[in-house]
Amino acid sequence: MAISLRNGRLGVDTQHVVGDDFAAVLAAAQGGCEDSFAVLWRDANPSLLRYLRVLAPESAEDIAAETWVQVVRGLPRFVGDEASWRAWLFTTARRRLLDQARFRRRHPTEPLDDIGAAEVPASPDTEQLALENIATDSAIALLSLLPRQQAEVIMLRVLAGLDTEVVADMLGRSPGAVRVAAHRGLKKLEELLARNGAASRAGVTL
Amino acid sequence: MPDSPLPPIWGPLCNERDLEALLSGEEYGRSRGSGHPQDLHPVAVALAALRAAPMRGELSGEATARAVFRASASAAAPVPGPRAGDTERGTVTARTFVPSPGDRGQPRGARPSHRRGTRTWAVRWPAVAAAGAVAIVAIAVAVTGVLPGSAAQSHPVSAGTSAAATAKPSASQRVEGGALVEPSIRPTSAASPTSSAPRAAQSSGTLCREYYSFFAHPEPQASQAAEAALGEKLDKLAGGPPKVFTYCFPYLDYLSWGKVQGTTSAAAQATRLGDPVATATPDPSPNDANYGAGSPGAGKPGAGDSVTGKFGAGGSGSQTGSGQG
Chain A
1 MAISLRNGRL GVDTQHVVGD DFAAVLAAAQ GGCEDSFAVL WRDANPSLLR
51 YLRVLAPESA EDIAAETWVQ VVRGLPRFVG DEASWRAWLF TTARRRLLDQ
101 ARFRRRHPTE PLDDIGAAEV PASPDTEQLA LENIATDSAI ALLSLLPRQQ
151 AEVIMLRVLA GLDTEVVADM LGRSPGAVRV AAHRGLKKLE ELLARNGAAS
201 RAGVTL
Chain B
1001 MPDSPLPPIW GPLCNERDLE ALLSGEEYGR SRGSGHPQDL HPVAVALAAL
1051 RAAPMRGELS GEATARAVFR ASASAAAPVP GPRAGDTERG TVTARTFVPS
1101 PGDRGQPRGA RPSHRRGTRT WAVRWPAVAA AGAVAIVAIA VAVTGVLPGS
1151 AAQSHPVSAG TSAAATAKPS ASQRVEGGAL VEPSIRPTSA ASPTSSAPRA
1201 AQSSGTLCRE YYSFFAHPEP QASQAAEAAL GEKLDKLAGG PPKVFTYCFP
1251 YLDYLSWGKV QGTTSAAAQA TRLGDPVATA TPDPSPNDAN YGAGSPGAGK
1301 PGAGDSVTGK FGAGGSGSQT GSGQG
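Quick mapping for you: the protein sequence lines, in order, are chains A and B. Take 1 as the starting number for the first sequence in my numbering and just add one per residue. Take 1001 as the starting number for the second sequence in my numbering and just add one per residue.
The structure is reproduced here in structure tokens:
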């Protein structure tokens, strides 16, 4: 899979899809327009899922669903631009993530080790999906190897498109600490890529 | 622009601006001169993969999201206004809990505060009324110094608590009639029986009622000895003859005597007390000097003293207990 270069920018496919029309789309969604809400959902859900897959790979879909339920409830009261919208969305997701982590600590589960791979149900196009998503999945897998806080900072900066100050507010840390965490995470990522040659194995081409 | 120095982990080939551009997805080029340094190229590739176009599985939940949105939108739909027959309370409730069309889309904090106050007052009204009643009772106790009799009433009267009670059962029955019930209030002074000694209080009540029954229903000379014995006991209990009436007042149920006798008139009460002069006398007031401790006219009952100091108002009347009959 090739990553396209559009408008002189690389990797903006999941960012600012709504763009200048965001205010109108948001107003329509707040007024009950389902199609407008779908635009917002298609814009943000991929980034949200990737963020959650790094931090909670086993329950990313569940947390994303809970997040959207909360967002739908609060949508009529939301006021802000697209950056604020993303900040609100990812803040909501992060809170659901923390709730999920607390719940799992109180209710530990046994892993299903005795179920073989052949018994796991698979969709007919699983293999095709794997081929299509290998680059993104590899990147998510690499981010998952980072320390949690560094990975979270990078995901919020890269996927949610939030600046340092907003991320600092979300995480309850100073902007300097967030900046340092991001840089250390990038360095760690670079070391992982250099050591394992993950970029070439992932099939990412420019 | 970043305002903090980078940790020394990247070396001289990379500056903070490059890293910020990498994270924010700004202008990107393959050559070192136009964009990120070559050292960051693998990282840029990985981050670009993170920003790749949505995968198929990432958009599969759109139908579910739409359904959630529809459900939420239908739940938030405006409801019709109150019907013509609705009461005012029902109207307030509906406007309180169901957002009107004008309220949709407003933040909760922007709602008028009077709605919350109306609802709170309606819910808490019984509690406020109960608290007011308790406060009134507390004030009454503080002013009068006595407790309501409902907290400790209906003690059975012991027939053998005193020699006089044993000697004068008929007199006691006549005075109290069928109301062999403890008074509704109890003394709280130091000389008065305390609640920790219900038996003593019961005896005191019996003594007081029997003692003052001699004044209400004069007995022959033979009963004067019992009356004197009762008076002595009450003197000891009350702390002296001047304090006997104050001590016994709570037990006498004075204000209800007329009702016990089947009439509420002052004349009937005065007749029952055996004081014809007091016929037109109003009910005694606790502030009257004749009822207070150490009042000049208060003598030892049953020993030839005037009853005026105990029951008469304004010092009227001069009959003694022994002189009646």
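Ideal Cβ positions, reconstructed from N, Cα and C, are used throughout, including at glycine. Since the model is a prediction, treat every value here as computed from it, not as a measurement.
DSSP places A/His107 in the coil class of the three-state scheme, outside both helix and strand. The DSSP-derived three-state label of B/Asn1015 is coil. When C-beta atoms of the segment 148-166 of chain A are compared with those of the segment 1015-1026 of chain B, three or more pairs fall below 8 Å, so the two segments count as touching.
When 8 Å is used as the limit between beta carbons, A/Gly19 is near no residue of chain B, the shortest such separation being about 14 Å. Sixteen is the threshold: when 16 or more other Cβ atoms of the shown chains lie within 10 Å of the Cβ of A/Pro76, as they do, the residue is buried. Residue environment analysis places B/Gly1025 among the buried positions, since at least 16 neighbouring C-beta atoms fall within 10 angstroms of its C-beta. According to the DSSP assignment, A/Met170 belongs to the alpha helix (DSSP H) that extends over Thr164 to Leu171.
About 6 Å separates the CB atoms of A/Arg42 and B/Leu1059; that is less than 8 Å, so the two are in contact.
A/Arg179 sits buried, since 16 or more C-beta atoms from the chains shown fall within 10 Å of its C-beta. For A/Glu34, the residues of chain B that pass the 7 Å Cβ criterion are Arg1066, Phe1069 and Arg1070, in the order they occur in the chain. By the 16-neighbour rule on beta-carbons within 10 angstroms, A/Arg184 is buried.
By the C-beta density criterion, B/Leu1252 is buried, having at least 16 other C-beta atoms within 10 angstroms. Excluding the 5 residues flanking it on each side, A/Glu190 has no same chain C-beta neighbour closer than 8 Å. Around the beta carbon of A/Thr136, 16 or more other beta carbons sit within 10 angstroms, so the residue counts as buried. DSSP places A/Ser174 outside both helix and strand once states are collapsed to three, so it counts as coil. Listed along the chain, the chain B residues whose CB falls inside 8 Å of the CB of A/Ile154 are Leu1023 and Leu1047. Going by C-alpha positions, A/Ser59 is about 10 Å away from A/Ala65.
Taken in chain order, the members of the segment 175-196 of chain A whose beta-carbon sits within less than 8 Å of a beta-carbon on chain B are Pro175, Gly176, Arg179, Val180, Ala182, His183, Arg184, Leu186, Lys187, Leu189, Glu190, Leu193 and Ala194.
Note on A/Pro147: under 16 other CB atoms within 10 angstroms of its CB, so exposed under the neighbour-count rule.
For B/Phe1245, the enclosing alpha helix (DSSP H) stretches over residues Val1244 to Leu1252.
For A/Phe37, the uninterrupted alpha helix (DSSP H) segment begins and ends at Glu34 to Leu55. Between A/Ala139 and the set B/Ala1225, B/Pro1042 and B/Ala1229, the nearest pair of CA atoms involves B/Pro1042.
Within the model, the alpha-carbon separation for A/Asn45 versus B/Gly1132 is close to 57 Å. The DSSP-derived three-state label of A/Pro76 is helix.
The three-state reading of DSSP puts A/Met155 in helix, counting H, G and I together. Residue contact with chain A for B/Val1134: absent (no Cβ-Cβ distance below 7 Å to any residue of chain A). Excluding its 5 nearest sequence neighbours in each direction, A/Gln150 has C-beta neighbours in its own chain below 8 Å: Ala181, Ala182, Arg184, Gly185 and Lys188, listed in chain order.
Against chain A, the beta carbon of B/Arg1017 has no neighbour under 8 Å; the closest one sits roughly 12 Å away. Against A/Trp88, chain B offers no close residue; the least beta-carbon distance is about 13 Å (beta-carbon pairs closer than 7 Å). Non-local beta-carbon contacts of B/Cys1248 in its own chain, meaning distances under 6 Å to residues more than five positions away in sequence, involve Cys1208 in chain order.
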